[in-house]
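Engineer: Residue numbers (UniProt numbering): 1 to 495.
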Amino acid sequence: MAEFVQGGKITTNRTLVPVRLDNMPWAKFHWMVLITLGVSWILDGLEIQFAGAIATTLELPTTLHLHPGQFGITTSIYLAGEVVGALVFGRLADSLGRRRLFLITLGLYLVFNGLAGFSFDFWSLAVLRFIAGMGIGGEYAAINSAIDELIPARFRGRVDIAVNGTYWAGAAIASAASLALLDEKIIPVNVGWRIGLFIGPLIGVVVWMLRRRIPESPRWLISHGRAEEAAKIVDDIEQGVRAAGKEIPKVDESKAIEVRNYPPVTYLEITKIMLGKYRKRSVLGFTLMTTQSFLYNAIFFTQGQVLGKFFGVAPDALGFFFFPFAVGNLLGPLLLGPFFDTIGRRKLISSTYIVSGVLLVASGYLFWIGALNATTQAIFWSVIFFIASAGASSGYLTVSEIFPLELRGQAISYFFAISQLCGGVVAPVLFGYLIELGTKDVHHLDRTPLFWGFMIGAILMIIGGVVEAFIGVDAEGKSLEELATPLSAVTAAST
């Protein structure tokens, strides 16, 4: 382990930076963090939803004339880019810093998704979307790390859940925009889809400028031997809080932590920590992230096919059904999020997973017996995912707060990558196959295969809830250092 060396003498730093950050009242600075970092998920939701909306448009001879199935490949390539980006930039976020990475990753997305609007064939679209996906994947690790490390402990749960839930604000924007941009009576068909791909970058340019005002994570700085710089950043934040007329409670000096510089964590060390000391937490993170990802990707990427093939909804009317679905997913984290800090993580996470799973069983049965129409099916999905969305967001919250500071970005990226591979690849393919089985005979639709798909998704969510109930971490109101002692810590006061 590397340590500070001054004149041949090993030194350490005793700091109150973590407790000072947790001690602050909610202020303008925290709103800035919430808004400028949280917009990443709006961009991701916008991209995924709009990508689904333009699938049939890009098959037209007047656009890119993609063959059937090629657009599905570009979606998978975008998700693969997210996985690669998460793994690459997650490690860099731990070694180079949160701020540098959340500027780089957003910039990468802005440039290449904007260029995707000028795509001229399948391969140009695929390559540009892959690189743009890398930027968004890198955002997940850098942003979740920064938010958790800058937001006071008593607000951390609701903020993280709300930020992750804003994915659906982007999906709602895309659903509404697609109704106009893909209507050739309003905009030429080969122009509207290109404009849609420019919406995210236009929003992102403004946000990128605002992000430059957010400082580096003081917690990351103290683990890299930059304690004075960290203290200066906290001084500036506190000065802004006091200037706004708010009081900051006196800090308990006994909660100081002594730290020393810690070298980049090796892959072997990560393996020992996550599969050794934090084995149960790794099982928890894997279960929560994978089960919610399977359910979401299964329904999200095939809901248009379900509504179209089983309920006869026309392609140009799908936006009317996607919009309330997205709104329900957005409202869940916003309205239920505060309870994760008050009632507690374990109770809320387990209940949201289990209740959404049970409701999916009920709706799946009603779908199977033919008791639902397009409207009632959409209403069921909106209610289910109002609850499930808060649970899914809590999966990201969990993996971002239960591992040590020095590998937080990498922990998030690993679980994100695993969940995307399981949910982003397996679920859409499986549900697409089940839909195909049920619609081979256009004169007699068979709902049984898809019913069993719904049951698989429901059972997985219930399993996630049960695992949380037994081995979940009661993290509400606790500092990150109390939940997982930093590897750079020499000593820490008892809490």
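For glycine and all other residues, C-beta sits at the position ideal for the given N, C-alpha and C.
Which residue spans inside the region 13-64 form an unbroken alpha helix (DSSP H) run of at least 4?
Structural biologist: Taking only runs of at least 4 residues, the alpha helix (DSSP H) segments lying wholly in the region 13-64 are 17-23, 28-53.
Engineer: So what does Ala-489 bridge to, in DSSP terms?
Structural biologist: Val-259
Engineer: Note down, one range per segment and in chain order, each alpha helix (DSSP H) of at least 4 residues found wholly within the region 128-175.
Structural biologist: 153-165
Engineer: Flag Ala-411 as yes when its Cβ comes closer than 6 Å to any non-hydrogen atom of the ligand MN, and as no otherwise.
Structural biologist: Among the components of this structure there are no ligands whatsoever, and the ligand MN is therefore not found.
Engineer: According to DSSP, simplified to helix, strand and coil, what is Ala-2?
Structural biologist: Any answer about Ala-2 is weak, because its pLDDT of 35 lies below 50 and its placement is not dependable; what the coordinates show is given next. If DSSP states are grouped into helix, strand and coil, Ala-2 belongs with coil.
Engineer: Take every Cβ of the region 127-138, pair it with every Cβ of the region 234-244, and state whether three or more of those distances are shorter than 8 Å.
Structural biologist: They do not touch, by the three-pair rule.
Engineer: Tell me whether Tyr-109 sits in a helix, a strand or coil according to DSSP, three-state version.
Structural biologist: helix
Engineer: Does the region 466-485 come close enough to the region 343-356 that 3 or more CB-CB pairs lie under 8 Å?
Structural biologist: With a cut-off of 8 Å, the region 466-485 and the region 343-356 count as touching, because enough Cβ pairs lie within range.
Engineer: So, under 8 Å CB-CB, Leu-331 and Gly-472 are touching, yes? Tell me the CB distance rounded to an integer number of Å.
Structural biologist: Their Cβ separation, rounded to whole angstroms, is 24 Å, which puts Leu-331 and Gly-472 out of contact at 8 Å.
Engineer: Can you tell me where the alpha helix (DSSP H) holding Ile-418 begins and where it ends?
Structural biologist: Residues 408-419.
Engineer: Should the region 137-148 be regarded as contacting the region 362-371, the criterion being three or more beta carbon pairs within less than 8 Å?
Structural biologist: no
Engineer: Are the CB atoms of Leu-483 and Ile-402 within a distance shorter than 7 Å?
Structural biologist: yes
Engineer: According to the Cβ coordinates, are Trp-220 and Arg-91 closer than 7 Å?
Structural biologist: no
Engineer: Taking the runs of the beta strand (DSSP E) that are 3 residues or longer, which of them lie wholly in the region 317-346?
Structural biologist: Whole beta strand (DSSP E) segments, 3+ residues: zero.
Engineer: Between residue 498 and Ile-435, how many whole angstroms is the CB-CB distance? I'm expecting something under 8 Å.
Structural biologist: The question about residue 498 has no answer, for the chain in this structure spans 1 to 495.
Engineer: Just to confirm the assignment, what range does the alpha helix (DSSP H) spanning Tyr-433 have?
Structural biologist: From DSSP, the alpha helix (DSSP H) with Tyr-433 extends over 427-438.
Engineer: Under 7 Å, do Tyr-109 and Gly-135 count as touching if we go by C-beta distance?
Structural biologist: yes
Engineer: Is the distance from the Cβ of Leu-181 to the Cβ of Ile-161 below 7 Å?
Structural biologist: no
Engineer: Measuring only the C-alpha atoms, how far is Ser-18 from Phe-340?
Structural biologist: In the sequence as displayed, the identity of residue 18 is Pro instead of Ser. Whole-angstrom Cα-Cα distance: 21 Å.
Engineer: Which term fits Tyr-296, buried or exposed, when burial requires 16 or more other beta carbons within 10 angstroms of its beta carbon?
Structural biologist: buried
Engineer: Identify, in the order they occur along the chain, each residue of the same chain with its Cβ nearer than 6 Å to the Cβ of Asp-446, setting aside the five sequence neighbours on each side.
Structural biologist: Gly-438
Engineer: Quick one: Cα of Phe-367 to Cα of Ile-459, how far?
Structural biologist: Taking the straight line from one Cα to the other gives about 17 Å.
Engineer: So, are the CB atoms of Arg-260 and Thr-15 less than 7 Å apart?
Structural biologist: no
Engineer: If we cut at 7 Å on Cβ distances, does Glu-258 have a partner in chain B?
Structural biologist: The displayed structure is made up of one protein chain only, and chain B is not part of it.
Engineer: Can you tell me whether DSSP reads Arg-194 as helix, strand or coil?
Structural biologist: helix
Engineer: Taking the alpha-carbon positions, what's the Ser-488 to Ala-256 distance?
Structural biologist: 14 Å
Engineer: Using the Cα positions of Thr-495 and Pro-152, report the straight-line distance between them to the nearest angstrom.
Structural biologist: Caution is warranted here: a pLDDT of 38 is assigned to Thr-495, below 50, making its placement in the model unreliable, and the coordinate value is therefore given only provisionally. Each residue's Cα considered, the two are about 16 Å apart.
Engineer: Assuming Asp-148 and Ser-400 are in contact, meaning their beta carbons sit under 8 Å apart, how far apart are those beta carbons, in whole angstroms?
Structural biologist: 5 Å
Engineer: Applying the 10 Å Cβ sphere with the 16-neighbour rule, what's the burial state of Met-461?
Structural biologist: Flag for Met-461 reads buried.
Engineer: Please report how far the alpha carbon of Gly-175 lies from the alpha carbon of Thr-166, in whole angstroms.
Structural biologist: Sequence check: residue 175 is Ser here, not Gly. Roughly 14 Å separates the two Cα atoms.
Engineer: Assuming Asn-164 and Pro-338 are in contact, meaning their beta carbons sit under 8 Å apart, how far apart are those beta carbons, in whole angstroms?
Structural biologist: Your pair Asn-164 and Pro-338 does not check out as a contact, with CB atoms roughly 15 Å apart and the cut at 8 Å.
Engineer: Taking the straight line between their C-alpha atoms, what separation do you get for Met-274 and Leu-64?
Structural biologist: 45 Å
Engineer: Using a 10 Å radius around the Cβ and a threshold of 16 neighbouring Cβ atoms, would you call Arg-20 buried or exposed?
Structural biologist: buried
Engineer: What did DSSP end up calling Ser-350 once you bin it into helix, strand or coil?
Structural biologist: Helix, per DSSP.
Engineer: What's the C-alpha gap between Val-5 and Val-33?
Structural biologist: Low local confidence applies: a pLDDT of 41 at Val-5 is under 50, so the model's placement there is unreliable, with the coordinate-based value given in what follows. Straight-line Cα distance between these residues: approximately 34 Å.
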